[in-house]
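So the structure is just underneath, and the comments pick up after that.
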Amino acid sequence: DAGVIQSPRHEVTEMGQEVTLRCKPISGHDYLFWYRQTMMRGLELLIYFNNNVPIDDSGMPEDRFSAKMPNASFSTLKIQPSEPRDSAVYFCASRDRGDSPLHFGNGTRLTVT
Amino acid sequence: QKEVEQDPGPLSVPEGAIVSLNCTYSNSAFQYFMWYRQYSRKGPELLMYTYSSGNKEDGRFTAQVDKSSKYISLFIRDSQPSDSATYLCLVAQGGSEKLVFGKGTKLTVNP
Chain X
14 DAGVIQSPRH EVTEMGQEVT LRCKPISGHD YLFWYRQTMM RGLELLIYFN NNVPIDDSGM
74 PEDRFSAKMP NASFSTLKIQ PSEPRDSAVY FCASRDRGDS PLHFGNGTRL TVT
Chain E
6 QKEVEQDPGP LSVPEGAIVS LNCTYSNSAF QYFMWYRQYS RKGPELLMYT YSSGNKEDGR
66 FTAQVDKSSK YISLFIRDSQ PSDSATYLCL VAQGGSEKLV FGKGTKLTVN P
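In order, the protein sequences belong to chains X and E. Count along the first sequence starting at 1, add 13, and that's the number in our numbering. Count along the second sequence starting at 1, add 5, and that's the number in our numbering.
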């Protein structure tokens, strides 16, 4: 089991550019979560999917953020246009059912200049 | 009142010490409790998972849950420099997807 795989590990971009973060969950896991981590706010849930369907996107900060899960093995988080305040580490996590623990990827460190 | 409170530390202890990390939560509907360890520039890694009051032990780690007090703890015995990391508690509500993380406690174990 390769675990949750995220790409890229680091992303540096200029304000106004589009950023796409990618995640491959653990095979067989029905739930996928996107989190953002900053020193000030800790881990914040952005959105989660169940069986590829977005269930709760109330944590998405604004319309500049969007997430998709076209199939069970792939999800993207897109920021368009990016802003310096979006700089953070973005984590993807998956789990196999509603009462099991989360398994995290190693994150994407995003810097927007 | 925040749903989950965790002292951010930092906490610094000598090698071999017993470490106690704690979280309190406000909603009695939370039924599942987890502790994660996060090394610098890595994702959180599951350490302990429990859903009942009492103690659960795994090697040098013991997770303790007191649902009546809404208080959870993680004890690390014989702490090692390799235990230096940020420790996060996660509480979860059964029957829903409500998961709430603590802010994390940064631990340094000095050799």
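For each residue, glycine too, the CB sits at the ideal point set by N, CA and C.
| Asked | Found |
| --- | --- |
| Residue of E:G21, E:P116 and E:G59 minimising C-alpha distance to S84 (chain E) | E:G21 |
| Contact set between the stretch 47 to 74 of chain E and chain X, restricted to residues whose Cβ is under 8 Å from the partner | K47, G48, P49, E50, L51, Y54 and Y56 |
| Within 8 Å, strictly: CB atoms of I81 (chain E) and I23 (chain E) | yes |
| R122 (chain X) versus F35 (chain E): straight-line alpha-carbon distance, rounded | 31 Å |
| Distance between V9 (chain E) and W40 (chain E) (C-alpha atoms, nearest Å) | 13 Å |
| Same chain only: Cβ atoms within 7 Å of R49 (chain X), ignoring 5 sequence neighbours per side | E57, L59, A101 and Y103 |
| Inter-residue spacing [alpha-carbon to alpha-carbon] between Q19 (chain X) and P38 (chain X) | 9 Å |
| Residue from X:W47, X:M52 and X:T51 with nearest C-alpha to N63 (chain X) | X:W47 |
| Minimum Cβ-Cβ distance from I39 (chain X) to chain E less than 8 Å | no |
| Supposed close pair G29 (chain X), P94 (chain X) - CB separation, criterion 8 Å | 4 Å |
| Exposed unless 16 or more other CB atoms sit within 10 angstroms - verdict on G120 (chain X) | buried |
| Test: H42 (chain X) CB closer than 8 Å to a CB of chain E | no |
| Beta-ladder partner(s) of L26 (chain E), from DSSP | E:L79 |
| Proximity test, Cβ basis, 8 Å: E102 (chain E) and chain X | yes |
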